[in-house]
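If you want the numbering used here, it's the 1-based position in the sequence shown plus 14. For every residue, glycine included, the Cβ atom is placed at its ideal position computed from N, Cα and C.
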Amino acid sequence: MEEIQAKILEYLGTVSKAKSREIADKIGEKKRAVDKACSALAKEGKVEYLYIGTSYITLAGKDHTPKG
(Lines of atoms letter the chains of each structure in order from A and count residues from 1; the text may use other names and numbers.)
(Lines give C-alpha, C1' and ligand atoms only; values in the text may rest on other atoms or scores of the structure.)
Protein backbone atom coordinates (compact mmCIF):
# COMPACT_ATOMS: atom_id res chain seq x y z
CA MET A 1 0.00 0.00 0.00
CA GLU A 2 2.99 2.35 0.50
CA GLU A 3 3.54 2.47 -3.27
CA ILE A 4 -0.07 3.53 -3.83
CA GLN A 5 0.23 6.14 -1.06
CA ALA A 6 3.34 7.58 -2.72
CA LYS A 7 1.52 7.79 -6.07
CA ILE A 8 -1.44 9.52 -4.41
CA LEU A 9 0.76 12.11 -2.71
CA GLU A 10 2.64 12.74 -5.95
CA TYR A 11 -0.60 13.21 -7.91
CA LEU A 12 -2.17 15.45 -5.26
CA GLY A 13 0.92 17.64 -5.49
CA THR A 14 -0.11 18.50 -9.06
CA VAL A 15 -3.78 19.42 -8.39
CA SER A 16 -5.64 21.44 -5.76
CA LYS A 17 -8.10 18.64 -4.98
CA ALA A 18 -9.38 15.44 -6.55
CA LYS A 19 -12.05 12.78 -6.12
CA SER A 20 -10.86 9.29 -5.28
CA ARG A 21 -12.17 7.97 -8.63
CA GLU A 22 -10.08 10.58 -10.47
CA ILE A 23 -6.99 9.68 -8.43
CA ALA A 24 -7.51 5.98 -9.15
CA ASP A 25 -7.84 6.63 -12.88
CA LYS A 26 -4.78 8.91 -13.01
CA ILE A 27 -2.45 6.59 -11.06
CA GLY A 28 -3.75 3.35 -12.58
CA GLU A 29 -5.06 1.74 -9.41
CA LYS A 30 -8.45 0.42 -8.31
CA LYS A 31 -10.72 2.88 -6.50
CA ARG A 32 -11.02 0.56 -3.49
CA ALA A 33 -7.21 0.52 -3.08
CA VAL A 34 -7.08 4.31 -3.40
CA ASP A 35 -9.85 4.70 -0.79
CA LYS A 36 -7.93 2.52 1.69
CA ALA A 37 -4.65 4.32 1.01
CA CYS A 38 -6.29 7.75 1.37
CA SER A 39 -7.86 6.71 4.64
CA ALA A 40 -4.45 5.67 5.97
CA LEU A 41 -2.87 8.91 4.71
CA ALA A 42 -5.63 10.93 6.40
CA LYS A 43 -4.96 9.16 9.72
CA GLU A 44 -1.28 10.13 9.32
CA GLY A 45 -2.31 13.74 8.67
CA LYS A 46 -0.88 13.78 5.13
CA VAL A 47 -4.17 14.31 3.29
CA GLU A 48 -7.53 15.80 4.18
CA TYR A 49 -11.06 15.18 3.01
CA LEU A 50 -12.94 18.25 1.77
CA TYR A 51 -16.73 18.25 1.66
CA ILE A 52 -17.90 20.81 -0.90
CA GLY A 53 -21.22 19.38 -2.00
CA THR A 54 -19.31 16.16 -2.60
CA SER A 55 -16.09 14.82 -1.10
CA TYR A 56 -12.61 15.58 -2.38
CA ILE A 57 -9.15 14.64 -1.20
CA THR A 58 -6.31 17.15 -0.91
CA LEU A 59 -2.86 17.45 0.60
CA ALA A 60 -3.11 18.45 4.24
CA GLY A 61 -2.69 22.15 4.87
CA LYS A 62 -3.27 23.25 1.28
CA ASP A 63 -5.13 26.58 0.97
CA HIS A 64 -8.49 26.14 -0.79
CA THR A 65 -9.73 29.70 -0.45
CA PRO A 66 -11.37 30.73 -3.73
CA LYS A 67 -9.25 33.24 -5.63
CA GLY A 68 -10.75 36.51 -6.85
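Residue i in three-state terms, based on DSSP
i	result
Val61	strand
Ala47	helix
Ala20	helix
Lys76	coil
Option nearest residue i by Cα separation, candidates the options
i	options	result
Lys40	Leu23, Glu62, Ile66	Leu23
Ser69	Ile18, Glu36, Tyr25	Glu36
Ala47	Thr72, Ser34, Leu64, Glu62	Ser34
Sheet register partners of residue i (DSSP bridge)
i	result
Ser69	Tyr65
Ala54	For Ala54, which the question treats as bridged, DSSP gives no partner whatsoever.
Ala32	Ile71
Exposure label - residue i; buried when at least 16 CB within 10 Å
i	result
Ile66	exposed
Ala32	buried
Ala38	buried
Ser30	exposed
Ala20	exposed
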